[in-house]
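Below is one structure, written out as C-alpha cells; the observations come after it.
2 protein chains.
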Amino acid sequence: MEYQEAKEKFVSTWGSLGTLWGINKAMAQIQALLFISTKPLSMEDIMEELKISRGNTSMNLRQLMDWGIVTKEIVRGERKEFFTTEKDVQELARIVAKERSRREIKPVIKVLEEVSTIKDDGTEKTKELIKQTRALKHLTDDLDTLMNKLVNQKQNWLTKSVFKLMK
Amino acid sequence: MEYQEAKEKFVSTWGSLGTLWGINKAMAQIQALLFISTKPLSMEDIMEELKISRGNTSMNLRQLMDWGIVTKEIVRGERKEFFTTEKDVQELARIVAKERSRREIKPVIKVLEEVSTIKDDGTEKTKELIKQTRALKHLTDDLDTLMNKLVNQKQNWLTKSVFKLMK
DNA sequence: ATAAACTTTCAATAATTATTGAAAGTTTAG
DNA sequence: CTAAACTTTCAATAATTATTGAAAGTTTAT
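Residue numbers (the working numbering), protein chains in the order written: chain A, 1334 to 1500; chain B, 1334 to 1500.
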C-alpha cells in the first residue's frame, strides 16, 4: 500500500468512525487529516483534500475548536488561517472523554436522578421503574467516575490502568 | 412527578441516548420500555405504548435480539410472542461492551494495523502517517483490552474497578 | 477610506436514515 | 386442509442530518 492509498484509507475510516465518538463525518475527517499532517493546514488545503465546500469546512473547524481538539495557528507572512490538531493520542482521548462526559453522560444522569426519585405510590410498576432507573443511574455514575479517573491520571494512564486491573 | 410522566421521560431520554451506545431511537425506546416493565410485552403492547408501526417494531425487536439484549418469551395460553430484556444492568453493560468491541472497535484496529505497517519510503509525511496511526492503534488496542477486562470480571466489576484505580 | 483577501452564515438542496403499511410469509387450531 | 392469528419483509415515504454556495461579514494592507 502506497502513502496516498493509506492516507485515504485512514481518513475515511476515521471519518466513518466519527459516529462512535459522537461527531459527524466531515468533522472526523478533518481531524484525521490534521492528525497525520506534518504541518498546519489552511481551509483551502482541507477543502481540496477532502473535496468539501468552504462552508462545510468552516463550520466543522469551528466545532472542532469548540471541542478543544483543533487550534488556529498563525503562520508568519501568511494572511489566511492555519489549523492544527492535538497530536498526542492520550491527550486527545482525555479531551474527548471529558467532553462526552459533560455533553452526554451528565445530562442523562440528571434525568435518571429525577425519574428514580419519584414518589413511591406502592404499585408494582412504580417500584419497578424506581428500582431499574436507580440501578441504571448507579451504573452510569460509576462508568462516568471511572472514565474521569482513567483520564485524569496524567502519565501513561492507560497502560497503568490496564496493569492495575490485571492484579 | 407521576408514574406516567416519569416513564415517558425515561423512555424518551433513553431513546435519544441510543446514539451514544450506537443504536437507533426506536430500538433504544423498546429496550427502555421492556426494562421497566413488570411483565413481558407483546408486539401490540409495544406499538401501542410507543406509537410506532408494526413493521418498525418487528425490525427493531429483531435487532435487539441480534444484540442479545432481548429474548422471546412463550406465555402459556397465548398465541402471540412476548418479549423481555435483560434486567441486570451490569449484564446489560457487559453485552453492549462486547458487541461494540466486536462490531466497531475490532474492525478499526484492523485498518489501523494495515495503515500503520505500510512501507516506510523515507519521506517525512510517510513517517508521520506511520507514527500517528501506530499511536492510535496502541490507544485503541489498550482501550479495547481495558473494556474487555472490566467487563469480564464477573461480580461487581465496576465497583471493584473503581476501587482498584483509586489506589 | 477602500479594496482585496479571507471567513462566516444560512437558506436551499442533497444525502442519509428511519418509519410506515400493506402484501407475503409462517404458524397454529380446528 | 384451510382459515385465522400472527410476524416479517420491503418498496414507498417521511424525517432528519449534512452539505453547498453565494451573500454578508471581517480583517488587513496600502
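C-beta: ideal position from N, C-alpha, C; glycine also. These figures come from a predicted structure and were not determined experimentally.
Evaluate the contact criterion for the region 1440-1455 of chain A versus the region 1422-1431 of chain A: three or more CB pairs, one atom per stretch, below 8 Å.
The region 1440-1455 of chain A is not in contact with the region 1422-1431 of chain A.
Going along chain B in order, which residues have a C-beta closer than 8 Å to the C-beta of residue 1408 of chain A?
Taking the first sequence and counting its residues from 1, one reaches residue 1408 of chain A at position 75. Neighbours of residue 1408 of chain A on chain B: none; closest Cβ ~18 Å, over 8 Å.
Determine the contact status of residue 1383 of chain A and residue 1362 of chain A, defining contact as a CB-CB distance below 9 Å.
As a first step, residue 1383 of chain A must be located in the first sequence, where it is residue number 50. As a first step, residue 1362 of chain A must be located in the first sequence, where it is residue number 29. Yes. Within cutoff.
Should residue 1415 of chain B be flagged as near chain A, meaning a C-beta pair shorter than 9 Å?
The residue given as residue 1415 of chain B occupies position 82 in the second sequence. False, the Cβ-Cβ gap to chain A never drops below 9 Å.
Inspect the beta-carbon positions of residue 1465 of chain A and residue 1369 of chain B and report whether they are closer than 9 Å.
Taking the first sequence and counting its residues from 1, the one referred to as residue 1465 of chain A is at position 132. Taking the second sequence and counting its residues from 1, the one referred to as residue 1369 of chain B is at position 36. The answer is yes: Cβ separation under 9 Å.
For a contact defined as C-beta to C-beta under 7 Å, what are the partners of residue 1468 of chain A on chain B?
For this step, residue 1468 of chain A is matched to residue 135 along the first sequence. 1422, listed in chain order.
Using 10 angstroms around the beta-carbon of residue 1427 of chain B, count the other beta-carbons present and answer buried if the total reaches 16, otherwise exposed.
Here residue 1427 of chain B corresponds to residue number 94 of the second sequence, with the count starting at 1. Buried, because 16 or more other Cβ atoms sit within 10 Å of the Cβ of residue 1427 of chain B.
Hey, which unbroken runs of the beta strand (DSSP E) at 3 residues or more fall wholly within the region 1388-1468 of chain A?
As far as the region 1388-1468 of chain A is concerned, its whole beta strand (DSSP E) runs of at least 3 residues are 1403-1406, 1415-1418.
Is the beta carbon of residue 1442 of chain B less than 9 Å from the beta carbon of residue 1334 of chain A?
Translated into the one-based positions of the second sequence, residue 1442 of chain B becomes position 109. Translated into the one-based positions of the first sequence, residue 1334 of chain A becomes position 1. Cβ distance not < 9 Å, so residue 1442 of chain B and residue 1334 of chain A don't count as in contact.
On the three-state DSSP scale, how would you describe residue 1370 of chain B?
By 1-based counting over the second sequence, the position of residue 1370 of chain B is 37. In the structure shown, residue 1370 of chain B sits in coil (DSSP, three-state: anything other than H, G, I, E or B).
Is residue 1448 of chain A close to chain B? Criterion is C-beta to C-beta, closer than 9 Å.
Along the first sequence, read from residue 1 onward, the residue named residue 1448 of chain A stands at position 115. For residue 1448 of chain A, the answer is yes, since a Cβ of chain B falls inside 9 Å of its Cβ.
Pull up the DSSP beta-bridge partners for residue 1375 of chain A, would you.
To locate residue 1375 of chain A, count along the first sequence from 1; it is residue 42. Residue 1375 of chain A pairs with A:1415.
Could you round the C-beta distance between residue 1418 of chain B and residue 1350 of chain B to whole angstroms and report it? I think they count as a contact, below 8 Å.
On the second sequence, position 85 is the one that residue 1418 of chain B refers to. On the second sequence, position 17 is the one that residue 1350 of chain B refers to. 15 Å between Cβ atoms; not a contact.
My assumption, with CB atoms under 8 Å, is that residue 1373 of chain B sits in contact with residue 1424 of chain B. Please give the rounded CB distance.
To locate residue 1373 of chain B, count along the second sequence from 1; it is residue 40. To locate residue 1424 of chain B, count along the second sequence from 1; it is residue 91. Residue 1373 of chain B to residue 1424 of chain B, Cβ: 18 Å. No contact.
Mind listing the chain A neighbours of residue 1437 of chain B? Cutoff is C-beta to C-beta under 8 Å, in chain order.
Here residue 1437 of chain B refers to the residue found at position 104 of the second sequence. Per Cβ cutoff of 8 Å: 1350, 1353.
Report the neighbours of residue 1363 of chain B on chain A: residues whose CB is nearer than 7 Å to its CB, in chain order.
On the second sequence, residue 1363 of chain B is found 30 positions in, with the first residue counted as 1. Going along chain A, no residue has its Cβ under 7 Å from residue 1363 of chain B, so there is no contact; the nearest lies around 15 Å.
Which two residues bound the contiguous alpha helix (DSSP H) that contains residue 1338 of chain A?
In the first sequence, counting from the first residue as 1, residue 1338 of chain A sits at position 5. From DSSP, the alpha helix (DSSP H) with residue 1338 of chain A extends over 1336-1350.
Under a CB-based cut-off of 9 Å, is residue 1358 of chain A close to chain B?
Sequence index remark: in the first sequence, residue 1358 of chain A carries index 25 (1-based). No, its Cβ sits nowhere closer than 9 Å to a Cβ of chain B.
Taking buried to mean at least 16 other C-beta atoms within 10 Å of its own C-beta, is residue 1470 of chain A buried or exposed?
Position 137 of the first sequence holds residue 1470 of chain A. Looking at its Cβ environment, which holds 16 or more other Cβ atoms inside 10 Å, residue 1470 of chain A is buried.
Determine the contact status of residue 1347 of chain A and residue 1365 of chain A, defining contact as a CB-CB distance below 9 Å.
On the first sequence, residue 1347 of chain A is found 14 positions in, with the first residue counted as 1. On the first sequence, residue 1365 of chain A is found 32 positions in, with the first residue counted as 1. Contact flag set, yes.
Quick one: is residue 1441 of chain B near chain A, going by C-beta distance under 9 Å?
One-based indexing of the second sequence puts residue 1441 of chain B at position 108. Yes, contact with chain A.
Going by C-alpha distance, which of A:1421, A:1440, A:1435 is nearest residue 1342 of chain B?
The count along the second sequence starts at 1 and reaches residue 1342 of chain B at position 9. Nearest of A:1421, A:1440, A:1435 to residue 1342 of chain B, Cα basis: A:1440.
Report all residues from its chain with a CB closer than 6 Å to the CB of residue 1375 of chain B; omit the five preceding and five following residues, and keep chain order.
Here residue 1375 of chain B refers to the residue found at position 42 when the second sequence is read from its first residue. Cβ neighbours of residue 1375 of chain B beyond the five flanking positions: 1413, 1415.
With a cut-off of 8 Å on the beta carbons, I'd call residue 1460 of chain A and residue 1336 of chain B a contact; round off their distance for me.
Along the first sequence, one-based indexing puts residue 1460 of chain A at 127. Along the second sequence, one-based indexing puts residue 1336 of chain B at 3. Contact flag wrong, Cβ pair sits at about 10 Å.
Using a Cβ-Cβ distance under 9 Å, would residue 1346 of chain B count as near chain A?
For this step, residue 1346 of chain B is matched to residue 13 along the second sequence. Interface residue, yes.
Can you give me the C-alpha to C-alpha distance between residue 1475 of chain A and residue 1437 of chain A, rounded to a whole angstrom?
Your numbering for residue 1475 of chain A matches position 142 in the first sequence. Your numbering for residue 1437 of chain A matches position 104 in the first sequence. The straight-line gap from Cα to Cα measures roughly 15 Å.
Can you give the Cα-Cα distance for residue 1435 of chain B and residue 1338 of chain B, rounded to whole angstroms?
Numbered from 1 along the second sequence, position 102 holds the residue referred to as residue 1435 of chain B. Numbered from 1 along the second sequence, position 5 holds the residue referred to as residue 1338 of chain B. In a straight line, the C-alpha of residue 1435 of chain B is about 37 Å away from that of residue 1338 of chain B.
Going along the region 1367-1394 of chain A in order, which residues come within less than 8 Å of chain B, judged by CB to CB distance?
Against chain B - using a Cβ distance shorter than 8 Å - the residues of the region 1367-1394 of chain A are 1368, 1369, 1370, 1371.
From residue 1354 of chain B to residue 1345 of chain B, what distance separates their C-alpha atoms?
The count along the second sequence starts at 1 and reaches residue 1354 of chain B at position 21. The count along the second sequence starts at 1 and reaches residue 1345 of chain B at position 12. Distance between the alpha carbons of residue 1354 of chain B and residue 1345 of chain B: 15 Å.
By the three-class DSSP mapping on this structure, what secondary structure does residue 1384 of chain B have?
Within the second sequence, numbered from 1, the residue matching residue 1384 of chain B stands at position 51. Here residue 1384 of chain B sits in coil by DSSP.
Give every residue of the same chain whose Cβ lies closer than 6 Å to the Cβ of residue 1467 of chain A, excluding the five residues on either side of it in the sequence, and list them in chain order.
Looking up residue 1467 of chain A in the first sequence gives position 134. Around residue 1467 of chain A: 1449.
Using three-state DSSP, classify residue 1356 of chain B as helix, strand or coil.
On the second sequence, residue 1356 of chain B is found 23 positions in, with the first residue counted as 1. Coil at residue 1356 of chain B, not helix or strand.
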